[in-house]
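Below: one structure, written as structure tokens.
In my numbering, the protein residues as written are 0 to 723.
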């Protein structure tokens, strides 16, 4: 008896898919589009009958806030065996898990990784995460999250790459390569499928409240929120997740224009589009669907291919096709996308995981070293009056603050597989760095800390947020520090001892008073398994800080939203003049601008030059960067552009290039950026690129306030002219 064509690995995948599709009933097709959570004995019969296409390894819709059961390959293999050997067609399951920033070896939160401005580090961190997850039998991770985050009250800003679409787009492509490898049609056996989420505009929720409605203009949608998703699709991202919210009154799970017209037709996305947890069923709550059958009809026809955890596709699609409310061609298209992903992952030939693989893959020494490097590269030195770096010889430290001896807090949100007992605390990291004769006073109580300050050379205060104060459904009405922390810093200030504030957090925080009272401020994010060791590396100068902010830090909650690439308005703010301030009780400017970050050395940017590119359309802009300090260090050269006159009002600045530049003390390098039609055009209301003749400005420097600039012009006849 010969094998069915779909089981023949010698045949092309497309042919195998069509053969399998031809053998499936409508009910089996609907089953492939059904993802269910925490598969166990209660679901075995559904697996046998082909009613489940994917298993989601999570116990709730906000799994990032809960401690999850550990995933073991042996348990997954038992369920997979039922699908492969006991179902009629033997179609394997895809197992998904929230692999957000690392797996067992936890990386800094994505917002922290974005502060590295290093795509190669994001790729390396996600490669480690993918290998560790696949060793446990996981095939699909729901990352990267590509929501542009302009409101730090929104808890999920921690999962984002920040406020800028260009930076997020570069990091999105790197994340996809790290998770999947280079070929979305043949994902290696030690990688997982990536998922770009949440498509699209989820982070614009009013009031910074999760799941809330949004108001997004077409210009902002195409030029800001869609941009990083497009970069991920161009990098070959295998899957996309639609969001919970609505845009213009249409929930994303039913938004045919965005899901089908833009994502699938205009961009050519041929991967799998999955809903967020329960979002298809929630079309009823939105007031768009009359009942569950109607919800399934709307979502499937809009372009959703897999229903996550609401069962409405399984229960209704076969009947909807028979009634003519959903065309079978649309159903078949969705099933093809699911099956293609299963073939790309190699599940038809290799459905089972090696139960012993995790022993050598998880928490490998090289992985821990990489995550330590990523963590130290992510940390942003916000202030330093000379107290850092510390000299370890003959120094007595007083360590206090609520996060000084914490483990779970350093992991951050969405770490279902990170183990708190495997995290080094800051107390342990400092003691190890100081050695066996360490003079380290750790004071848990604030009054003890103030008392011991008199007997210490430097006070280190570990402050910030717990892991449970950021992530999904953890939004805040204020970005102030949790209660009592400012008072601790103020009390320490009165003791006239040098203070180093190490701030752990999942969002931009109001550090106005901390920056005033402390002598040095290091923003460490939630840095992961090896994060405290990375903090010690920086505090003692073993690593020169090189992180730069991927978000703007406001002076107060009332400034939100505050982002660097804002429109000029008809009455632009005159920087440096209080007469043009829009607030009467605060400066308009941020506490720390987008792109900001200090080093133990200093850098000078000079001799900026712009010239028409001889070989291709556009302008080449170059600048000399000199390390003018006494330390070797790394700066991030950032190139910003403004389109001065256009058919629509364009932002005052837009990031269009960046490069990490490592320089020895006294060393000089010339850094060049090419600005061509891709960098200088914008998208119209239909998503079409528009490049208009006119004047442009360009700046290169260490942050978004760079003042070393030049002007150039694109003439009506297509020539590039540099202003002298």
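A virtual CB, placed ideally from N, CA and C, is assigned to each residue, including glycine. Model, not experiment: these values are computed from the prediction.
Residue i, DSSP secondary structure in three states
| i | result |
| --- | --- |
| residue 120 | helix |
| residue 321 | helix |
| residue 673 | strand |
| residue 730 | The requested residue 730 does not occur in the structure, where the chain is confined to residues 0 to 723. |
| residue 728 | Missing from the structure shown is residue 728; the chain here goes from 0 to 723 and no further. |
| residue 604 | strand |
| residue 250 | strand |
| residue 615 | coil |
| residue 34 | strand |
| residue 137 | coil |
| residue 178 | helix |
| residue 516 | helix |
| residue 663 | coil |
| residue 546 | coil |
| residue 147 | coil |
| residue 646 | coil |
| residue 284 | helix |
Burial state of residue i, where buried means 16 or more other Cβ atoms lie within 10 Å
| i | result |
| --- | --- |
| residue 584 | exposed |
| residue 568 | exposed |
| residue 393 | exposed |
| residue 528 | buried |
| residue 289 | exposed |
| residue 73 | exposed |
| residue 472 | exposed |
| residue 365 | exposed |
| residue 594 | buried |
| residue 582 | exposed |
| residue 253 | buried |
| residue 264 | exposed |
| residue 200 | buried |
Residue i at chain B interface by Cβ criterion, 8 Å
| i | result |
| --- | --- |
| residue 707 | Going by chain labels, chain B is absent from the structure shown, which holds only one protein chain. |
Span of the alpha helix (DSSP H), counted from its first residue to its last, around residue i
| i | result |
| --- | --- |
| residue 300 | 291-301 |
| residue 229 | 226-233 |
| residue 332 | 327-343 |
| residue 376 | 364-377 |
| residue 485 | 484-492 |
| residue 357 | 356-360 |
Same chain, Cβ closer than 7 Å to residue i, five either side skipped, listed in chain order
| i | result |
| --- | --- |
| residue 673 | 612, 617 and 619 |
| residue 680 | 688, 689 and 690 |
| residue 432 | 391, 535 and 539 |
| residue 304 | 32, 271, 272, 273, 333, 336 and 337 |
| residue 295 | 279, 311, 312, 315, 316 and 319 |
| residue 185 | 343 |
Inter-residue Cα distance where the pair is residue i and residue j
| i | j | result |
| --- | --- | --- |
| residue 720 | residue 419 | 58 Å |
| residue 352 | residue 23 | 27 Å |
| residue 35 | residue 310 | 8 Å |
| residue 255 | residue 326 | 15 Å |
| residue 362 | residue 410 | 14 Å |
| residue 330 | residue 347 | 22 Å |
| residue 178 | residue 542 | 28 Å |
| residue 652 | residue 604 | 18 Å |
| residue 306 | residue 88 | 21 Å |
| residue 516 | residue 490 | 10 Å |
| residue 663 | residue 633 | 9 Å |
| residue 71 | residue 107 | 24 Å |
| residue 518 | residue 468 | 26 Å |
| residue 232 | residue 261 | 12 Å |
| residue 602 | residue 624 | 7 Å |
| residue 609 | residue 657 | 16 Å |
| residue 328 | residue 615 | 44 Å |
| residue 427 | residue 157 | 25 Å |
| residue 696 | residue 643 | 7 Å |
| residue 404 | residue 424 | 5 Å |
Own chain partners of residue i with C-beta closer than 8 Å, once the 5 adjacent residues on each side are dropped
| i | result |
| --- | --- |
| residue 511 | 554, 555 and 590 |
| residue 544 | 375, 378, 379, 380, 521, 537, 596, 597, 598 and 599 |
| residue 238 | 139, 192, 193, 194, 195, 270, 271, 272, 273 and 340 |
Proximal residues to residue i (C-beta, below 6 Å), its chain only, five neighbours per side dropped
| i | result |
| --- | --- |
| residue 379 | 114, 522, 546, 548 and 596 |
| residue 208 | 474 |
| residue 135 | 70, 72 and 357 |
Residue i Cβ short of 7 Å to the ligand NAP heavy atom set
| i | result |
| --- | --- |
| residue 57 | With respect to the ligand NAP, the structure offers nothing, as it holds no ligand at all. |
Delimiting residues of the beta strand (DSSP E) encompassing residue i
| i | result |
| --- | --- |
| residue 425 | It is not in any beta strand (DSSP E) - residue 425 instead sits in the alpha helix (DSSP H) that spans 425-433. |
| residue 95 | 93-96 |
| residue 694 | 693-700 |
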